[in-house]
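What follows is a short report on a single structure.
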Amino acid sequence: MKYTLLIDVTLSAINTTLVDENHELSQQTFTLSQSAETVTAEQIVTEVLAAIKKVQATLTNDDFIEAITFAEITLDSLVPFDDHKKALMPINYGHDTQKYIDALMMNGVIGQLERKTGLVFQEVTPLMQILWLKNEQPEIFAKVTQYMNVQSYIIYRLFDLQITSPAAAGRTGFYNLVKQAWDDQALALSGLTTENLPQVVDFNAQSLSLTSEMRTYLGISEDTIFHVN
Numbered sequence: 001m002k003y004t005l006l007i008d009v010t011l012s013a014i015n016t017t018l019v020d021e022n023h024e025l026s027q028q029t030f031t032l033s034q035s036a037e038t039v040t041a042e043q044i045v046t047e048v049l050a051a052i053k054k055v056q057a058t059l060t061n062d063d064f065i066e067a068i069t070f071a072e073i074t075l076d077s078l079v080p081f082d083d084h085k086k087a088l089m090p091i092n093y094g095h096d097t098q099k100y101i102d103a104l105m106m107n108g109v110i111g112q113l114e115r116k117t118g119l120v121f122q123e124v125t126p127l128m129q130i131l132w133l134k135n136e137q138p139e140i141f142a143k144v145t146q147y148m149n150v151q152s153y154i155i156y157r158l159f160d161l162q163i164t165s166p167a168a169a170g171r172t173g174f175y176n177l178v179k180q181a182w183d184d185q186a187l188a189l190s191g192l193t194t195e196n197l198p199q200v201v202d203f204n205a206q207s208l209s210l211t212s213e214m215r216t217y218l219g220i221s222e223d224t225i226f227h228v229n
């Protein structure tokens, strides 16, 4: 029997849906034990890998997962990582950012950024979180070499690529929709460079191939196709 595995990632759980050739569904929820305020990117990936292995364990030798699709990853926060790719903050950080929004609204910067990004800036907008980190946790900010959202980090761990989709980039406050590139003004404001952020690519034109180490660990066939929405 051939299957398609759909994976949804949230702060509280990893949800899987296994769809067979007859369109019969088998759904499982793998709940994270940590509170939403303390969950790290590493913990999310650990649970994703565990979920894939547990689904694999339910299949027989004649069964084959022909496609694995990350259908939804609803976590937009840009997590700071050091040069060893260790997360320096949990996924949710920098909650008290309204003062930065207010200050940037007074000098007109918010309006400029919102017109370019098409985004209404809120306390949880990743750019605001990074301004909080820069100003209130400068010792951590100084250690950061890379920022990745959870989508990017999952892709990095599975495929050794540092990329993100235009849709995910567009929710960060850094992405200029007109130029379809990271915005120079947002970068200057935050103290980041394009090297600190994932490359923005069209996933429809991007081949995703598991690293040999990850393929062995998960027991996934070389013929399994991966998609990230």
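In full-length UniProt numbering, the protein residues as written are 1 to 229. Note that beta-carbon positions come from the ideal geometry of N, C-alpha and C, so glycine has one too. Fair warning: this is a prediction, and the values are worked out from it, not measured in the lab.
- The count of Cβ pairs closer than 8 Å, one atom from the stretch 12-28 and one from the stretch 129-142, stays below three, leaving the stretches out of contact.
- Distances from the CA of F159 to each of D184, N92 and E213 were compared; the closest alpha carbon is that of E213.
- The stretch 180-208 is shown to contain whole alpha helix (DSSP H) runs of 4 or more residues at 184-190, in chain order.
- Listed as beta-bridge partners of L6 by DSSP are T17 and T69.
- Assigned with DSSP and collapsed to three states, N135 falls in helix.
- The alpha carbon of A71 has as its nearest neighbour, out of L32, K116, L119 and T17, the alpha carbon of T17.
- Here L218 really is in contact with K53; their C-beta atoms are around 6 Å apart, less than 8 Å.
- Inter-residue distance for G111 and A36 is about 31 Å (C-alpha atoms, whole angstroms).
- For I14, same chain residues with a beta-carbon under 6 Å away, outside a window of 5 residues either side, are F30, E47, V48 and A51 in chain order.
- As the crow flies, the alpha-carbon of S152 is around 5 Å from that of T164.
- Excluding sequence positions up to five before and after F203, its CB lies within less than 6 Å of the CB of S165 and V228, all in the same chain and listed in chain order.
- Relative to the Cα of W182, the nearest Cα in the group T194, A188 and L189 belongs to T194.
- Minimum Cα-Cα distance from Q180 among the listed residues M106, Y147, P138 and G118 corresponds to G118.
- Listed in chain order, the non-local C-beta contacts of V201 below 7 Å within the same chain comprise I163, local neighbours out to five positions each way being set aside.
- Approximately 16 Å separates the beta-carbon atoms of T69 and T10; this is outside 8 Å, ruling out the contact.
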